[in-house]
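**Student:** Below: one structure in structure tokens.
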Amino acid sequence: MSSEQTFIAIKPDGVQRGLIGPIISRFENRGFKLVAIKLMTASKEHLENHYSDLSEKPFFKGLVAYMGSGPICAMVWEGRDAVKTGRAILGATNPLASAPGTIRGDYAIDVGRNVCHGSDAVDSAKKEIALWFKPEELNSWKSAQFDWIY
Ligand code: RTP
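Each residue of the sequence shown is one higher than the one before, starting from 149 at the first, in my numbering.
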């Protein structure tokens with residue numbers, strides 16, 4: 149089974165609204181394997197680094213302030229097509245365009261409070277995982293369920 153990893157983060161609004169459990173369940177239920185997880189209040193520098201490709205956007209300063217306003221639940225999930233499927237589970241960036249059944253389509257209304265983040269490409273997933281986690285925080289384990297999911 150060819151497998152990849154993606155970085156998924158429950159943003160401060162998702163944590164404050166008690167959505168950690170429901171969001172984790174969606175990834176577990178779909179058949180992905182949790183490889184790393186931690187609650188972390190990120191510094192301004194860390195978030196500016198994470199969103200460096202958006203630094204020229206008018207919403208950048210507000211985005212960094214929002215993301216630093218409380219703890220984030222940072223995770224790494226693994227499985228077939230984890231990056232692309234992870235984005236599909238999250239839904240479109242703007243919750244008004246997110247389909248019902250997606251996380252944003254079910255739990256959000258405002259693009260500036262869209263509950264969760266997911267890597268948009270395999271390369272960015274690698275960079276984001278390296279930014280948010282030390283190598284020793286990534287768990288390598290065999291999920292017994294994989295034999296039944298794949
Ligand atoms: P994310 O990185 O959070 O998963 O979001 P994304 O790839 O779907 O979207 P991206 O364009 O990278 O935007 C990052 C985050 O910036 C906020 N945003 N605000 N017009 C606005 O006010 C606006 N546009 C984007 C959102 O929180 C978005 O998730």
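Cβ coordinates follow ideal geometry from the N, Cα and C atoms, glycine included. Just so it is clear, the structure is predicted and the values come from calculations on it, not from any experiment.
Taking buried to mean at least 16 other C-beta atoms within 10 Å of its own C-beta, is T241 buried or exposed?
**Tutor:** exposed
**Student:** Given the structure, does D268 come close to the ligand RTP, in the sense that its CB is under 7 Å from one of the ligand's heavy atoms?
**Tutor:** yes
**Student:** How long is the line joining the alpha carbons of S200 and K209, rounded to whole angstroms?
**Tutor:** Their Cα atoms are separated by approximately 11 Å.
**Student:** Given a threshold of 16 other Cβ atoms within 10 Å of its Cβ, counted over all protein chains shown, does G234 qualify as buried or as exposed?
**Tutor:** With 16 or more other Cβ atoms within 10 Å, it is buried.
**Student:** Kindly indicate which three-state DSSP category E152 falls into: helix, strand or coil?
**Tutor:** strand
**Student:** Suppose only complete runs of 4+ residues qualify. What are the alpha helix (DSSP H) ranges in the stretch 224-253, listed by chain order?
**Tutor:** 230-238
**Student:** Could you give the distance in angstroms between the alpha-carbon of R261 and the alpha-carbon of I158?
**Tutor:** 11 Å
**Student:** Would you call the CB atoms of L238 and C264 closer than 8 Å?
**Tutor:** yes
**Student:** So, helix, strand or coil for L182, using DSSP?
**Tutor:** Residue state, collapsed to three classes: strand.
**Student:** Put L187 into one of helix, strand or coil per three-state DSSP.
**Tutor:** Strand at L187.
**Student:** Just to confirm, is the Cβ distance from A273 to T154 under 8 Å?
**Tutor:** yes
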